[in-house]
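First comes the structure, then the notes that go with it.
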Amino acid sequence: MKPRIPAAPHRRAGIAVSLAIAAAIASLAFAPQAHADATLDRIKQRGKLVVGIDGVSPPFGIMDPATGKVGGFQAELGEDIARRLGVKLETVSVTASTRVQFLQSGKVDLLVANIQWTRERSASLSYAPTPYNEVGGAALVSRQSGITRWEDLKGKVACVSQGSNYAEPLDKTYGAVVKGLRGIPESLLALKGGTCAASVHVQPALYELLHGPHAKEWEGYTLATSDLLIPSPTVIWTRRNEADTRAFVDGVIHDWLKSGYLLAQAGKFGVPDDYIRKATDKARQGSFDKAPLEIQEN
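If you're matching positions, the sequence shown starts at 249 in our numbering and goes up one per residue.
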């Protein structure tokens with residue numbers, strides 16, 4: 249029996265390289281394919297972006313009497329995101345009590361509504377970190393109420409939308425008796441009916457009520473104070489852990505600010521633009537505001 253002659257060093261090296269290449273090819277064959285996150289995949293596959301917006305709540309949501317559909321500021325922003333994705337837009341009207349559920353269940357892909365950043369929301373949802381607005385609360389009251397400061401609400405009933413982030417400061421800071429109702433229309437009816445002393449919602453919506461086409465109906469009412477309740481960044485919300493969607497939307501907001509598109513849409517629909525104007529100026533200098541970091545709950 250002939251003794252086994254060991255392979256030459258260069259031959260052993262060649263075998264090792266061949267084995268390494270084969271292993272690499274095998275690992276690629278079984279590696280998971282790269283995909284965008286679930287939301288972007290779904291949008292592109294069906295050719296449609298579904299955006300949750302506020303219902304009829306001028307200047308953010310405006311009813312088109314010809315079609316019965318809700319348009320306005322938020323719908324226009326959703327339309328631009330859809331255009332950039334190369335898909336059609338579908339809007340779904342959401343309320344304070346349904347919006348988070350609609351997003352988490354997949355009924356909508358994004359929330360482009362008046363939903364400010366809060367710690368609690370940040371613990372369950374994700375969002376594009378660049379705000380597209382900053383909004384605080386205002387209190388609509390009867391001119392005869394004598395309420396001229398937030399402190400004047402102590403012991404009085406303040407109506408808010410269910411899930412509103414204004415409930416906590418009204419209760420804990422100002423001692424109001426907070427009553428959560430389905431949405432702004434129900435809250436305004438309660439104010440007119442005397443169930444609540446103040447209706448507390450985002451300032452632009454209440455300002456438009458007093459100065460818009462239906463102002464005559466509200467001649468006996470006013471905003472209690474010009475001081476806004478907890479002014480907070482308004483962001484576009486996504487589901488948790490969908491980094492591609494979050495990054496895409498954030499890039500869109502950057503472009504809205506740098507190009508002046510967001511400022512133009514605010515002017516078109518009568519959205520107060522003090523914050524948007526300042527953010528646009530900063531963006532053109534290469535600087536962007538950021539909402540607080542997402543809360544990581546254990």
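For each residue, glycine too, the CB sits at the ideal point set by N, CA and C. None of these values were measured; they are calculated from a predicted model.
Item to check | Buried/exposed call for residue 533, threshold 16 Cβ in 10 Å | outcome: Burial call: exposed.
Checklist entry - In the stretch 419–502, which residue ranges form an unbroken beta strand (DSSP E) of at least 3 residues, counting only runs that do not cross its ends? => result As far as the stretch 419–502 is concerned, its whole beta strand (DSSP E) runs of at least 3 residues are 425–429, 446–450, 469–471, 477–482.
Next on the checklist: Less than 8 angstroms between the beta carbons of residue 435 and residue 409, yes or no?
Outcome noted: Yes; because the gap between Cβ atoms is below 8 angstroms, this pair is in contact.
Checklist entry - When we look at the beta-carbon of residue 542 and count the other beta-carbons within 10 Å, is it buried (16 or more) or exposed? => result buried
Checklist entry - In chain order, what residues of the same chain have a beta carbon less than 7 angstroms from the beta carbon of residue 309, not counting five sequence neighbours either side? => result 301, 302, 303, 318, 320, 322
Next on the checklist: By alpha-carbon positions, which one of 363, 388, 385 ends up nearest to residue 379?
Outcome noted: 363
Checklist entry - Given a threshold of 16 other Cβ atoms within 10 Å of its Cβ, counted over all protein chains shown, does residue 413 qualify as buried or as exposed? => result buried
Next on the checklist: Here's a check: name, in chain order, each residue in its chain whose Cβ is nearer than 7 angstroms to the Cβ of residue 508, leaving out the five neighbours to either side.
Outcome noted: 528
Checklist entry - DSSP puts residue 551 in a beta bridge; with which residues? => result Any answer about residue 551 is impossible in this case: the structure gives the chain only from 249 up to 546.
Next on the checklist: If contact is defined by three or more beta carbon pairs under 8 angstroms, each pair taking one atom from either stretch, is the stretch 286–298 in contact with the stretch 351–369?
Outcome noted: yes
Checklist entry - In this structure, what does DSSP give as the bridge partners for residue 528? => result Per DSSP, none; premise fails for residue 528.
Next on the checklist: Let's see if you can read the secondary structure: which residues bound the alpha helix (DSSP H) around residue 289?
Outcome noted: 286–294
Item to check | Cα-Cα separation between residue 394 and residue 295, rounded to whole angstroms | outcome: 54 angstroms
Checklist entry - Any idea if residue 387 is buried or exposed, counting beta-carbon neighbours within 10 angstroms, 16 or more meaning buried? => result buried
Next on the checklist: Starting from residue 406, trace the beta strand (DSSP E) in both directions and tell me its first and last residue.
Outcome noted: In this chain, the beta strand (DSSP E) harbouring residue 406 covers 405–409.
Checklist entry - With residue 342 and residue 385 assumed to form a contact (beta carbons below 8 angstroms), what rounded beta-carbon distance in angstroms separates them? => result Approximately 19 angstroms separates the beta-carbon atoms of residue 342 and residue 385; this is outside 8 angstroms, ruling out the contact.
Checklist entry - Does the beta-carbon distance from residue 297 to residue 337 come in below 8 angstroms? => result Contact flag set, yes.
Checklist entry - Where does residue 300 fall in DSSP's three states? => result strand
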